[in-house]
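Quick look at the structure:
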């Protein structure tokens with residue numbers, strides 16, 4: 001007689017494996033698409049356009065996606081996003097095989113992947129309370145976050161670099177297969193993930209509910225604004241890194257070396273996920289989250305003044321550690337403070353404010369790098385990052401975060 005795992009445990013493992021597969025595929029595309037663009041042009045502005053298109057949907061679609069997440073089945077939305085990713089990669093793969101790859105096509109694929117990411121992450125952040133038992137949410141959230149960094153950075157980035165070095169067609173083909181596997185994993189989830197019945201109001205009124213909840217909560221509002229600056233620094237770094245790191249750029253790396261450099265970010269993220277619990281207990285949630293401000297500053301400050309791979313890699317590692325500890329704590333705060341029926345709209349509003357600056361930062365980084373050089377571009381975002389210290393210590397007090 002076989003003994004089946006409780007549904008919440010099965011769901012936890014299904015979400016973990018799904019997170020692993022989809023983030024691995026995401027990592028490969030985030031390496032492959034910019035490098036494909038860099039093979040077609042040496043313009044920092046145009047190469048940064050790939051990162052802009054990947055993040056622009058957070059600015060344009062997040063709020064409406066949040067309403068959908070609170071109205072529709074959250075698993076179905078995640079499945080639709082995965083299928084959209086698969087289709088867009090299929091188009092890029094076909095174009096590569098037929099020799100018709102172009103910058104407009106790469107931008108279009110990046111845009112579809114960006115919209116799919118908005119849907120998948122908003123629905124995925126909102127599905128956890130329905131999928132995982134309350135007693136296991138802290139561990140599940142930490143594990144899922146660790147897997148994100150492990151597969152998106154530590155494993156995915158070097159895999160992406162090696163696959164691109166072996167051939168862009170191979171990288172795109174493998175990515176498509178991994179997205180297909182992720183779609184199948186979502187079918188394993190057990191439970192009711194449909195939105196709870198509620199009075200339907202206009203889309204604009206429901207969007208306003210999510211924005212109002214975020215804006216009226218001082219801690220959550222401040223968190224979103226701080227992340228806007230830090231996410232801007234991260235996306236600026238990612239936007240111009242291909243031309244900065246890959247020869248004939250200042251670091252002089254090849255595709256494999258570029259992938260290994262990104263691995264430093266993921267390796268730091270894995271370590272941050274492993275230590276966030278003990279760090280929270282030892283020095284408190286406030287100081288654990290402060291590590292992200294330090295790491296994000298170093299991420300862009302170091303390449304502004306040191307053009308050596310080991311220094312840039314060490315800064316990326318520090319950013320990864322801080323980024324994970326912030327993410328785990330921020331997600332737990334959201335699950336504790338936000339009612340379930342508002343989770344989709346809150347997560348969308350939070351990500352709009354926090355990630356909405358990402359496409360602007362990516363585009364600005366490209367323009368600054370083209371007009372004034374990489375040092376000025378990185379230095380500008382380092383200066384912005386330094387300014388986040390004041391609001392952090394004024395609002396994110398130990399009492400407020402307890």
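Numbering (this note's numbering), first residue to last: 1 to 402. All C-beta atoms, glycine included, are put in the ideal place defined by N, C-alpha and C.
Pairwise C-alpha distance: residue j and residue i
| i | j | result |
| --- | --- | --- |
| residue 316 | residue 365 | 17 Å |
| residue 330 | residue 213 | 16 Å |
| residue 194 | residue 69 | 9 Å |
| residue 144 | residue 289 | 18 Å |
| residue 3 | residue 348 | At residue 3 the pLDDT is 41, less than 50, meaning the model places this residue with poor confidence and gives no usable figure here. |
| residue 60 | residue 172 | 27 Å |
| residue 138 | residue 120 | 21 Å |
| residue 108 | residue 235 | 19 Å |
| residue 345 | residue 338 | 10 Å |
| residue 168 | residue 126 | 34 Å |
| residue 95 | residue 17 | 30 Å |
| residue 298 | residue 202 | 44 Å |
| residue 1 | residue 27 | Reliability fails at residue 1, whose pLDDT of 38 lies under 50, so the model's placement of it is uncertain and no value is given. |
| residue 79 | residue 179 | 10 Å |
| residue 296 | residue 326 | 11 Å |
| residue 301 | residue 233 | 10 Å |
| residue 163 | residue 93 | 14 Å |
| residue 217 | residue 240 | 35 Å |
| residue 114 | residue 390 | 32 Å |
| residue 25 | residue 151 | 8 Å |
| residue 174 | residue 118 | 22 Å |
| residue 343 | residue 278 | 28 Å |
| residue 332 | residue 141 | 7 Å |
| residue 273 | residue 98 | 42 Å |
| residue 86 | residue 266 | 24 Å |
| residue 367 | residue 187 | 43 Å |
| residue 242 | residue 357 | 20 Å |
| residue 287 | residue 230 | 16 Å |
| residue 90 | residue 177 | 10 Å |
| residue 51 | residue 314 | 23 Å |
| residue 401 | residue 291 | 15 Å |
| residue 362 | residue 210 | 26 Å |
| residue 40 | residue 110 | 16 Å |
| residue 14 | residue 183 | 11 Å |
Continuous alpha helix (DSSP H) stretch holding residue i: start and end
| i | result |
| --- | --- |
| residue 349 | 343-355 |
| residue 262 | 255-283 |
| residue 52 | 44-60 |
| residue 329 | 309-337 |
| residue 129 | 103-131 |
| residue 74 | 74-98 |
| residue 136 | Careful: residue 136 lies outside any alpha helix (DSSP H) and carries neither H nor E. |
| residue 385 | 374-386 |
Residue nearest to residue i in terms of C-alpha spacing, selected from the options
| i | options | result |
| --- | --- | --- |
| residue 31 | 281, 238, 396 and 304 | 238 |
| residue 387 | 293, 54 and 352 | 293 |
| residue 249 | 112, 43, 14 and 291 | 43 |
| residue 65 | 351, 396 and 358 | 351 |
| residue 322 | 358, 353, 146 and 73 | 146 |
| residue 190 | 133, 56 and 217 | 133 |
| residue 258 | 85, 34 and 205 | 34 |
| residue 307 | 252, 291, 359 and 273 | 252 |
| residue 392 | 73, 224, 90 and 37 | 224 |
| residue 206 | 341, 104 and 281 | 341 |
| residue 222 | 39, 397, 15 and 22 | 397 |
| residue 62 | 367, 372, 217 and 208 | 208 |
| residue 309 | 264, 83 and 394 | 264 |
| residue 384 | 228, 277, 334 and 353 | 228 |
| residue 245 | 104, 13, 374 and 110 | 374 |
| residue 181 | 12, 20 and 382 | 20 |
| residue 405 | 22, 231, 50 and 377 | The structure shown does not extend to residue 405, since the chain is modelled only from 1 to 402, so the question has no answer here. |
| residue 55 | 360, 371 and 399 | 360 |
| residue 38 | 254, 135, 183 and 381 | 254 |
| residue 122 | 100, 101, 106 and 57 | 57 |
| residue 382 | 303, 192 and 362 | 303 |
| residue 124 | 101, 11 and 106 | 11 |
| residue 112 | 100, 29 and 45 | 29 |
| residue 312 | 77, 399, 268 and 48 | 268 |
Residues that residue i bridges to, as DSSP identifies them
| i | result |
| --- | --- |
| residue 246 | 253 |
Min CB distance residue i to chain D below 9 Å
| i | result |
| --- | --- |
| residue 307 | The displayed structure is made up of one protein chain only, and chain D is not part of it. |
Complete runs of the alpha helix (DSSP H) confined to the stretch 168-235 [at least 4 residues]: 168-186 and 203-216
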